[in-house]
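Sequence lines, in order, name chains S and A.
The numbering of the first sequence is the working numbering, which starts it at 131 and goes up by one.
The numbering of the second sequence is the working numbering, which starts it at 1480 and goes up by one.
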Amino acid sequence: MKLTTTVKNAVGWNDTDLNERFEQVQRKHVIATILTVALAVFWVSPLWGGITTAFKTQSAFISTLPLTPPTVDQVTLNAWAVAWETLSPTLWNSLIFTIPAMVFSAVLGSFAAYGLSMVNWRGQVALMTAFILAIFLPKQGILLPLSRFWNTVDLEGILTSLGYFSLPFADPSHTNLIILIITHSAYGISIATLLFRGYYLTINHDIVEAARIDGAGIYAIYRHIILPLSYPMFMVVFIFQFTQIYNEFLYALILVGGSDPSAGAPVTLALAELNSGFSQNWNNQMAGAFITAIPTLIVYIAFGEQFAKGVEY
Amino acid sequence: MSAINKIKSTLENGSSPEEHSKEGGIRSYLRSDFIRSMPFWLPPTLLMGLFVYGGILWNFVISLTDFSGVVRPEYALSNFDFEMYTRMLGDPSFHDAARNTIILLVVFTLLCLLVGLLLAILVDNLLKWQSILRTVFLLPFALSFVVTGVFWQWMYNPEIGTINTMFNLLGLDVLALNWLGNPSLRLGAVMFALIWQYGGYAMIIYLASLRTIPQEHYEAAKVDGAGFFVTYWKVIIPQLSSASVSIAVVIMVFSLKAFAWLYTVFGSNPGPAADILGVMMYRVAFSANQWAYGAAIGSVLFVGTVMIVAPYLYYQYKRGEL
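Quick look at the structure:
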């Protein structure tokens, strides 16, 4: 509106051709707005239906429509309490392995991208191709070797012989959590490398050359030039890896098995278990789905820009 | 020992590339960027290589054995054969899963591109609320498939679910069908829910690509008398082909490995109507303990992935974008 009047004032009211054109432009925007908002309403409806259901009492659940919010006397936190009790121990497990795996894969990815972008070497493209192909790897193609590998490597025995379990904070669940950390770090390296490499290629090489001529070694260049420049990219990779690793299901299903929190099961396994129970209780399931989604929702809403950047690779 | 000292001194005293040619032999080699950058790229490369390519190789070897049940696999050359691969050819459940995977690969990918393009054009034409609506459409992509599987099971519930109660409310009772229960609707219902989750992803890529198109292209089309649709169809959409290719590759590869959503909703057996190779591999290997057969399906999925990704990487390489 404001733009229209400004331009109209500038050009003069009598320019009917211009007026027509502005009407056209406006109509386009109005139609786009209506359609987009309608689609957005549909887009949030599964989440909205879930959240209303999670807050409803059993009787309101039967008597009301899924999308109508409960009235004051129909609200209960019962479902949230039940779901929280079932899921919270596994929620902590998820965070315990997600955060270290996120950090390790990002740091290793940054190292790899730096090392590879520093090298002027024929094999570089081939190696980078191997990294990119690894991003697309179907998990089903390595699932069996992965489970055989962790069967062969007796991590529990190794940790015991190292005296890990006599430490005050040690817990039997840590064996599986460490397995998940190593596994997710290894499979996360490829995407982290690609994201960092794309960024490092945009860094002005003159800075690096100047530092080299001043006698800076490869570590000094990384530590004092590349790393400080990488902080925004680290945020992008952290956000991307956090959602990827936290949301992951299949590796945990193979490596941990059941949804037993003391075995290190992540929350995604526990939610699937809650969902597949014989007596389906939609209120509990919806509350459980939201509790599972909370960490990713917080990260997504707080760092939406970084998430979108990570996705855009 | 002296070699280690040499590496050490090389690492400590950086040198410019021009100096290399003056020195000969091993010393120059050790001073080369290749060696000096090794501590950075070698450990991550080894870890990735071991888990990814080591895994692929091992998986292929397992697929050549007869490993099943509780017996350990026998890695003897005399036992290796392609029996598991020939078995696929005669296995009706493999045929069903392969057919559904291909349907997903083609139909789901095309629909995702279409929905993503529509969303991107709409959002791009908004005067306000662009960023909030972008956030809304991309939101499902940030959620776990387990979470979205639970939500959509509720959406599709035949008696009290959101979709059917909405249809009943609008007087469209004929459309209130058993979406997940009816085998002829099942795969379509799965795709619809997955489009909801992946449409925002396609939108984000298209939006980024739309923003690189200069405003003059729209203006020029307008001067030539082209309307809104003609402008997009003739001028703008052809410029999005590179974005379309990258989205299609990501979504097609996803179709090959899709697992968690189907597993959450149907368990390890979605039935012949919606079974896909990604789920079949898990069921065959980890529910039925036919390890070698599962490994063979896994290898097929890897080959499929390479067949999709390799032309794409070659195309990127030719464009100098690798």
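Each residue gets a CB set at the ideal place from its N, CA and C atoms; glycine is no exception.
The structure presented is a predicted model; accordingly, all values stated were derived computationally and were not measured.
> Cβ of F1616(A) within 8 Å of Cβ of A168(S)?
Replying inline: Sequence index remark: in the second sequence, residue 1616(A) carries index 137 (1-based). Sequence index remark: in the first sequence, residue 168(S) carries index 38 (1-based). Between F1616(A) and A168(S), the C-beta gap is not smaller than 8 Å, which leaves the two residues out of contact.
>> If the criterion is Cβ atoms closer than 8 Å, does the pair A1681(A) and I1726(A) meet it?
In response: To locate residue 1681(A), count along the second sequence from 1; it is residue 202. To locate residue 1726(A), count along the second sequence from 1; it is residue 247. Yes, they are a contact pair.
>> For K186(S), list the residues DSSP reports as bridge partners.
In response: Counting from one through the first sequence, the residue named residue 186(S) turns up at place 56. Its beta-bridge partners are V205(S).
> Excluding sequence positions up to five away, which residues of its chain have a Cβ less than 7 Å from the Cβ of T183(S)?
Replying inline: Here residue 183(S) corresponds to residue number 53 of the first sequence, with the count starting at 1. Closer than 7 Å at Cβ, skipping near neighbours: F191, P196, W412, N413 and M416.
> By DSSP, does S320(S) sit in helix, in strand, or in coil?
Replying inline: Residue numbering aside, residue 320(S) sits at position 190 when the first sequence is read from its first letter. Note: S320(S) maps to helix in three-state DSSP.
>> Rounded to the nearest angstrom, what separates N364(S) and N1768(A) at their Cα positions?
In response: What you label residue 364(S) is simply residue 234 of the first sequence in a count that begins at 1. What you label residue 1768(A) is simply residue 289 of the second sequence in a count that begins at 1. Strictly speaking, residue 364(S) in this sequence is Phe, with Asn absent from that position. Cα to Cα, F364(S) sits roughly 41 Å from N1768(A).
>> I'd like to know if H354(S) contacts chain A, where contact means its C-beta is closer than 8 Å to some C-beta of that chain.
In response: Your numbering for residue 354(S) matches position 224 in the first sequence. Cβ-Cβ to chain A under 8 Å: no for H354(S).
> Taking Cβ-Cβ distances below 9 Å as the criterion, which residues of the region 1619-1631 of chain A are in contact with chain S?
Replying inline: Contact residues of the region 1619-1631 of chain A toward chain S are P1619, F1620, A1621, L1622, S1623, F1624, V1625, V1626, T1627, G1628, V1629, F1630 and W1631 (C-beta to C-beta distance below 9 Å).
> Which two residues bound the contiguous alpha helix (DSSP H) that contains N413(S)?
Replying inline: Within the first sequence, numbered from 1, the residue matching residue 413(S) stands at position 283. For N413(S), the uninterrupted alpha helix (DSSP H) segment begins and ends at W412 to A432.
> By Cβ distance, which residues of its chain are closer than 7 Å to Y1685(A), with the 5 residues on each side in sequence left out?
Replying inline: As a first step, residue 1685(A) is located in the second sequence; it is residue number 206 there, counting from the start. Around Y1685(A): G1595, L1596, A1599, L1719 and A1722.
> Taking just the CA atoms, how far does F1573(A) sit from M1567(A)?
Replying inline: Reading the second sequence from its first residue, position 88 is the one you call residue 1567(A). Reading the second sequence from its first residue, position 94 is the one you call residue 1573(A). The alpha-carbon atoms of M1567(A) and F1573(A) are separated by roughly 6 Å.
> Within 8 Å (strictly less), CB to CB, does T1544(A) reach chain S?
Replying inline: Translated into positions along the second sequence, residue 1544(A) becomes position 65. So no, T1544(A) is outside the interface.
> What are the residues of the region 412-432 of chain S that lie near chain A, defined by any Cβ-Cβ distance shorter than 9 Å?
Replying inline: W412, Q415, M416, G418, A419, F420, T422, A423, T426, L427, V429, Y430 and I431
> Which residues mark the beginning and the end of the alpha helix (DSSP H) in which V366(S) is found?
Replying inline: Walking along the first sequence from the start, residue 366(S) turns up at place 236. Note, V366(S): alpha helix (DSSP H), L357 to N377.
> How would you list, in chain order, the residues of chain A whose beta-carbon sits under 9 Å from the beta-carbon of M248(S)?
Replying inline: For the purposes of this step, residue 248(S) is taken as the residue at position 118 of the first sequence. Ordered by position in chain A, the residues that pass the 9 Å Cβ test against M248(S) are D1512, R1515, S1516, F1519 and W1520.
> Quick one, which of L1648(A), L1584(A), R1515(A) and E1553(A) has its alpha-carbon nearest T198(S)'s?
Replying inline: Numbered from its first residue, the first sequence carries residue 198(S) at position 68. For T198(S), the nearest C-alpha among the options comes from L1648(A).
> Under 8 Å Cβ-Cβ, which residues of chain A neighbour Q478(S)?
Replying inline: This structure cannot settle anything about residue 478(S), because the visible part of chain S is limited to 131 through 443.
> Under a three-way DSSP split, which group does P1552(A) fall into?
Replying inline: Here residue 1552(A) refers to the residue found at position 73 when the second sequence is read from its first residue. In this structure, P1552(A) counts as coil in the three-state DSSP scheme.
>> Using 8 Å for Cβ pairs, my map puts S235(S) next to A322(S). What's the rounded Cβ distance?
In response: If you number the first sequence from 1, residue 235(S) lands on position 105. If you number the first sequence from 1, residue 322(S) lands on position 192. Contact flag correct, Cβ pair sits at about 5 Å.
> Since V1785(A) meets chain S, which of its residues come closer than 8 Å, beta carbon to beta carbon?
Replying inline: Locating residue 1785(A) in the second sequence gives position 306, counting from the first residue. The contacting residues are L263.
>> My parser needs the alpha helix (DSSP H) runs of 4 or more residues fully inside the region 1629-1683 of chain A; what are they?
In response: 1641-1648
>> Given this structure, state the Cα-to-Cα distance separating V1744(A) from M1760(A), to the nearest angstrom.
In response: Looking up residue 1744(A) in the second sequence gives position 265. Looking up residue 1760(A) in the second sequence gives position 281. Answer to the nearest angstrom: the Cα atoms are 17 Å apart.
> Roughly how many angstroms separate the alpha carbons of S1500(A) and G245(S), rounded to a whole number?
Replying inline: Along the second sequence, one-based indexing puts residue 1500(A) at 21. Along the first sequence, one-based indexing puts residue 245(S) at 115. Confidence at S1500(A) is low in this model, with a pLDDT of 44, below 50, so the placement of that residue is unreliable and no value is reported for it.
> In terms of residue numbering, what span does the alpha helix (DSSP H) encompassing L1543(A) cover?
Replying inline: Here residue 1543(A) refers to the residue found at position 64 of the second sequence. L1543(A): member of the alpha helix (DSSP H) spanning G1534 to L1543, first to last residue.
> Quick one: which chain S residues come within Cβ less than 9 Å of L1602(A)?
Replying inline: What you label residue 1602(A) is simply residue 123 of the second sequence in a count that begins at 1. Inspection of the sequence shows that residue 1602(A) is occupied by Val rather than by Leu. Per Cβ cutoff of 9 Å: A162 and T166.
> Are at least three pairs of beta-carbons, each pair with one atom in the region 375-384 of chain S and one in the region 267-279 of chain S, less than 8 Å apart?
Replying inline: yes
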